[in-house]
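According to the numbering used here, the sequence shown holds residues 151 to 312 in order.
Heads up, the thing below is written out as structure tokens.
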Amino acid sequence: MAYIKYKELTKFFNFSRYIKNDELAYYITDYAYEDERILATYKTFRDHGMFTTEKMVLFDNRLSIRPYKKIYTIPYNRVSSLCILFRSSVVELQLDLDNGYQLRLKFVNMTDVDKVRLRLLYSYISRVVTRQKIPEDLIQNLMDNNIVLRGGIKWKKKPKTF
151 MAYIKYKELT
161 KFFNFSRYIK
171 NDELAYYITD
181 YAYEDERILA
191 TYKTFRDHGM
201 FTTEKMVLFD
211 NRLSIRPYKK
221 IYTIPYNRVS
231 SLCILFRSSV
241 VELQLDLDNG
251 YQLRLKFVNM
261 TDVDKVRLRL
271 LYSYISRVVT
281 RQKIPEDLIQ
291 NLMDNNIVLR
301 GGIKWKKKPK
311 TF
């Protein structure tokens, strides 16, 4: 679930699947502007979360009698602190925004490769928040889905789809 200021931002943001950049729909890529690069995108059953070099964009698609879509844009420079929490198959990103709001994003059914990708994404966001130099290879590895597991094993296969 994603929460802002202890209030629910959306019913569920339990991201369960990574989507490669070349498989993204136009309505998602339209929110990445010309000076940004898409680092990673995740999906729930109906929602999406896109992480670019400048911001995260959360798509909340509600299917009901009156369907709607809410789109949240959160620039990384508005994050004051962040935390990553690893469990057996769950990873959670916890962000505190500089206006006092909290944001929690949950990633479920994560494999070892997924966890490494999220660790790299966390490292990128952390470097932006702390105004550190960002290595170009970190950006390129995220964009290309070039994930290196412990021991130097590279993984670049297409993830399984459900």
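Just so it is clear, CB atoms sit at the ideal spot from N, CA and C, and this is done for glycine as well.
Residue from the options whose Cα sits closest to the Cα of residue i
{"i": "residue 201", "options": "272, 299, 280 and 284", "result": "272"}
{"i": "residue 179", "options": "167, 166 and 205", "result": "205"}
{"i": "residue 225", "options": "167, 181, 285 and 171", "result": "181"}
Alpha-carbon spacing of residue i relative to residue j, whole angstroms
{"i": "residue 295", "j": "residue 228", "result": "26 Å"}
{"i": "residue 244", "j": "residue 253", "result": "6 Å"}
{"i": "residue 242", "j": "residue 255", "result": "6 Å"}
{"i": "residue 290", "j": "residue 236", "result": "24 Å"}
{"i": "residue 263", "j": "residue 183", "result": "28 Å"}
{"i": "residue 218", "j": "residue 231", "result": "31 Å"}
{"i": "residue 169", "j": "residue 275", "result": "19 Å"}
{"i": "residue 312", "j": "residue 192", "result": "At residue 312 the pLDDT is 47, less than 50, meaning the model places this residue with poor confidence; the figure from the coordinates comes in the next sentence. Looking at the two C-alpha atoms, the distance is approximately 13 Å."}
{"i": "residue 265", "j": "residue 215", "result": "36 Å"}
{"i": "residue 177", "j": "residue 233", "result": "29 Å"}
{"i": "residue 160", "j": "residue 279", "result": "Only weak support is given to the placement of residue 160: the predicted model assigns it a pLDDT of 47, under 50, and the value that follows is read from those uncertain coordinates. Whole-angstrom Cα-Cα distance: 24 Å."}
{"i": "residue 185", "j": "residue 286", "result": "15 Å"}
{"i": "residue 172", "j": "residue 203", "result": "17 Å"}
Pair within 7 Å by beta-carbon distance, residue i and residue j
{"i": "residue 270", "j": "residue 299", "result": "no"}
{"i": "residue 207", "j": "residue 194", "result": "no"}
{"i": "residue 257", "j": "residue 163", "result": "no"}
{"i": "residue 239", "j": "residue 259", "result": "yes"}
Cβ-based burial, residue i [other Cβ within 10 Å; buried from 16]
{"i": "residue 196", "result": "exposed"}
{"i": "residue 220", "result": "exposed"}
{"i": "residue 248", "result": "exposed"}
{"i": "residue 213", "result": "exposed"}
{"i": "residue 267", "result": "buried"}
Host alpha helix (DSSP H) of residue i (start-end)
{"i": "residue 267", "result": "262-279"}
{"i": "residue 222", "result": "Not the alpha helix (DSSP H): residue 222 falls in the beta strand (DSSP E), residues 218-225."}
Min CB distance residue i to chain C below 7 Å
{"i": "residue 264", "result": "In the displayed structure, chain C is absent; only one protein chain is listed."}
Where the beta strand (DSSP E) containing residue i begins and where it ends
{"i": "residue 235", "result": "229-236"}
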